[in-house]
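So the sequence shown is numbered by our numbering: it starts at 1066 and just counts up by one. Ideal placement from N, C-alpha and C gives every residue a C-beta, glycine not left out.
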Amino acid sequence: MQKKVLVVDDEDLLRDLLVQIIQNSGYIVEQAKDGEKAVEIYKKFNPDIVIMDIVMPNTDGIQATEKILKYDSQASIVALTSFSSTKGDDILKAGVKEVVGKPVKSADLIEIIKKHLG
């Protein structure tokens, strides 16, 4: 069965690119443009892993991570952010498995997903 990935980022162009890279690697992908939508989609889509931006309008990645983990304590969430040096500790405390800095190479992103999916 194909694994499912939820990509969360408020930057449309980057989100679309991430979705394309992940789909081309054989995963089923859903996307959200903010943390609030991410929580809503997570509950319906039940992804195997979430790739989560941190800095977004309204509900940010930290708040979304906390809400998702409250709903599903086994959720696998990886933070992908330009602010890893300043926000990395906050998102790790919220419960993500790993913090990855932007930009990330396509091959590295797929390896990170594979690593966390076992």
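Under a three-way DSSP split, which group does residue i fall into?
i, result
"I1119", "coil"
"V1104", "helix"
"K1223", "Outside the shown range of the chain (1066 to 1183) lies residue 1223, about which nothing can therefore be said."
"A1140", "coil"
"Q1067", "coil"
"T1130", "helix"
"E1176", "helix"
"T1124", "coil"
"V1073", "strand"
Tell me the rounded alpha-carbon separation between residue i and residue j.
i, j, result
"Q1139", "V1070", "15 Å"
"E1108", "K1179", "According to the sequence shown, residue 1108 is Lys rather than Glu. Between K1108 and K1179, the C-alpha separation is close to 22 Å."
"Q1128", "A1159", "8 Å"
"G1183", "I1087", "16 Å"
"D1125", "G1091", "28 Å"
"G1100", "L1078", "17 Å"
"I1175", "N1123", "28 Å"
"Q1067", "V1084", "15 Å"
Report the residue from the options whose alpha carbon sits nearest the alpha carbon of residue i.
i, options, result
"V1094", "I1114, P1168, L1078 and D1075", "I1114"
"E1163", "L1083, Q1128 and D1118", "D1118"
"A1097", "I1087, S1090, D1081 and G1091", "D1081"
"V1169", "L1182, D1137 and F1148", "F1148"
"L1134", "P1112, L1174, I1175 and V1165", "P1112"
"K1102", "I1156, V1143 and K1132", "K1132"
"D1137", "L1174, K1068, V1104 and L1078", "V1104"
"G1166", "D1154, T1146 and D1173", "T1146"
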